[in-house]
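Numbering (the numbering used here), first residue to last: 104 to 469.
Cβ atoms here follow ideal geometry from the backbone N, Cα and C, with glycine treated the same way.
Source: prediction; values computed, not measured.
To start, the structure itself, in structure tokens.
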């Protein structure tokens, strides 16, 4: 199940890349290579990521302590993100303006204070929800009873979204995509389940044809103002696509390797596209050329970042980072019985597939 999802992660990151390349070309020239309503299909790459995250976490979390889980997730997500945020900070300062709320959101991936504020790296709004999801999983790993408190918190925050940014963030409808990923991981495979993949793809393009895909911005994504619509037109197809992909068979290949590098691609491409847009001011070319160059440069650069920066940096930190096992055992002692999906013994995996999934996620998941 993991290797097909790795390939899908590359496809999802590429969808976002193409969307941003088309948006940039249209912003500076007014035209693009494809009708914009169909370019917006790329927005679903984010929704696919969220559903995959739910599947992966439901697969790899059992058998880990909360401390082990959080340590692995933070190590995988945060270092390369913070590094990519460095060039994004001056870009935000020059552009829309950089305030203390943006710095808080950038460093801690918490966007909600008295106002909703975006991280400096625009695509990092998704990481705010990823970290929220990781925190929720860690609490459930501490004690399964947290599941009920978290569900109540989400429902309450959803109903009180009018009360302010914190409620908008905690009750954002897009969180349901993570939950859907957990749900389909528990359902498992069914006969002809792979048919969900073409059905989901067809649904996405049908939504584009209807011109109902929301064309929002980071602020709206964080507040969730359009996310009920997003759930209907992008979230449901994303669930179908992920569930169908889970039924496919795949081995390690160039496509799964590209899936490994998809997190770097997701983080790096906005910076590169912004640089290309600046270059266009001095060396204007056809918008279609901008799109092609942006895609190719982003793919090659993200591959090198993954190999030369991301992987060595994680390995370097791992060598110097104390294991979570010691204080994780204390966590389990303090909060007994909290094993997601009913795993009985901390530190062991439910079965061989979970162990393989955990190994793959440790190396590759973003």
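Let me know if residue 150 comes out buried or exposed under the rule of 16 or more other beta-carbons within 10 Å of its beta-carbon.
Taking all protein chains in view, the Cβ of residue 150 is crowded by 16 or more other Cβ atoms within 10 Å, so the residue is classified as buried.
Since residue 219 sits in a beta bridge, which residues does DSSP pair it with?
Beta-bridge partners assigned by DSSP to residue 219: 215.
Provide the residue span of the alpha helix (DSSP H) that contains residue 391, from first to last.
390-408
Where residue 209 and residue 185 are concerned, what is the direct C-alpha to C-alpha distance, given to the nearest angstrom?
8 Å
Backbone secondary structure at residue 351 - three-state DSSP
coil
Could you give the DSSP three-state label for residue 283: helix, strand or coil?
Reduced to three states, the DSSP call for residue 283 is helix.
Could you tell me the distance, in whole angstroms, from the CA atom of residue 213 to the CA atom of residue 231?
6 Å
Length of the line joining the Cα atoms of residue 298 and residue 190:
If I take the Cα positions, the gap works out to 43 Å.
What distance in whole Å lies between the Cβ atoms of residue 154 and residue 284, which are believed to be in contact at a cut-off of 8 Å?
4 Å
In terms of residue numbering, what span does the alpha helix (DSSP H) encompassing residue 246 cover?
Run containing residue 246: none; DSSP gives neither H nor E here.
In angstroms with no decimal places, state the Cα-to-Cα distance between residue 144 and residue 171.
36 Å
Test item: CB-CB of residue 397 and residue 379 under 7 Å:
yes
At a cut of 8 Å, does the segment 319-330 reach the segment 358-376 through at least three beta carbon pairs?
no
DSSP three-state assignment for residue 314, whether helix, strand or coil:
Here residue 314 carries a coil assignment [DSSP, helix/strand/coil].
Closest Cα partner of residue 276 within the set 288, 263, 287
263
Under 7 Å, do residue 300 and residue 338 count as touching if we go by C-beta distance?
no
Looking at residue 120: is its Cβ nearer than 7 Å to the Cβ of residue 350?
no
Work out the CA separation of residue 162 and residue 110 for me, nearest whole Å.
Here the alpha carbons of residue 162 and residue 110 stand approximately 17 Å from one another.
How would you write the range of the alpha helix (DSSP H) that residue 295 sits in, first residue to last?
Neither: residue 295 is in no alpha helix (DSSP H) and is coded neither H nor E.
For residue 269 and residue 385, what's the separation of their Cα atoms in angstroms?
43 Å
Nearest-angstrom Cα distance between residue 334 and residue 140?
17 Å
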